[in-house]
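> All residue numbers for the sequence shown refer to full-length UniProt numbering, where the first residue is 1 and numbers rise by one. Backbone N, C-alpha and C define an ideal beta-carbon position, used for all residues, glycine too. Since this is a predicted model, take the numbers as computed values, not measurements.
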Amino acid sequence: MSFYTAARDSDIDLLVHFLQSGTDVHERFNDDRTALHFASERGNVEAVKVLLEFKADANLADAFNKDTPLHHASQGGHAEVALLLLRHGANPNAQEQMNGETPLHLAALYGFDNVAALLLQAGADPSLRNIYGKEAWQYATKAAVKEVIEEHAARRKP
């Protein structure tokens, strides 16, 4: 089993073994993502914890699309992973390169109001627009997500 597979499948003992044996926590795989990207995408909380303990950069973007681990956690609705990443300095306003979407755009698009709420509490800017000029609420596939974003915006107005 490889370092990548250990992170993806949350094989914690093997993951720790690789890291303690000197494997670079920021090692990039064929698609230029790191173990933290894969663990975040899968919602593997324990693997994310281990990688962050070994100083994985929560803001490290892949070279292809500039997705961060927080983009992956948000798209998958992995609230606990998103919270861990945010607590380790993940930027809730990071925009990926292909469409300019933030983690909030992705949480809205995939209908994860719990993740949207976490991102907003962490400082996500709901007024950021993607390359199509769209704000996150315009991608909300569930009324609950739109409501979370609108309530947050209403509280911020003077």
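Would you be able to state if there are at least three C-beta pairs under 8 Å between the segment 22-40 and the segment 61-79?
At 8 Å Cβ cutoff, the stretches touch.
> Just to confirm before moving on: does the CB-CB distance between Thr68 and Glu96 stay below 9 Å?
Result yes, Cβ atoms of Thr68 and Glu96 sit closer than 9 Å.
> Going by Cα to Cα distance, which pick from Phe38, Lys142, Glu150 and Leu118 is closest to Arg87?
Among Phe38, Lys142, Glu150 and Leu118, the Cα nearest to that of Arg87 belongs to Leu118.
> If you follow the alpha helix (DSSP H) that Ser40 is in, where does it begin and where does it stop?
Residues Ala35 to Arg42.
> With C-beta atoms as the reference, is Thr141 less than 9 Å away from Gly111?
The answer is yes: Cβ separation under 9 Å.
> Just to confirm my understanding: we take Gly77, look at its own chain, exclude 5 residues before and 5 after, and list those with CB closer than 7 Å. What are they?
Within the same chain, Gly77 has close Cβ partners Tyr110, Phe112 and Val115.
> Locate the alpha helix (DSSP H) running through Lys49, then write down its first and last residues.
Lys49 -> alpha helix (DSSP H) spans Val45 to Glu53.
> If we call anything under 9 Å between Cβ atoms a contact, is Ala143 one with Pro92?
Contact: no.
> Less than 9 Å separating the beta-carbons of Phe3 and Phe18?
For Phe3 and Phe18, yes; Cβs fall inside 9 Å.
> Which stretch, first to last residue, makes up the alpha helix (DSSP H) that contains Tyr4?
From DSSP, the alpha helix (DSSP H) with Tyr4 extends over Phe3 to Arg8.
> Using a Cβ-Cβ cutoff of less than 6 Å, which residues in the same chain neighbour Glu80 once the five nearest sequence positions on both sides are dropped?
Cβ neighbours of Glu80 beyond the five flanking positions: Val45.
> Anyone know if the C-beta pair for Ala136 and Ala90 falls short of 9 Å?
No, they are not a contact pair.
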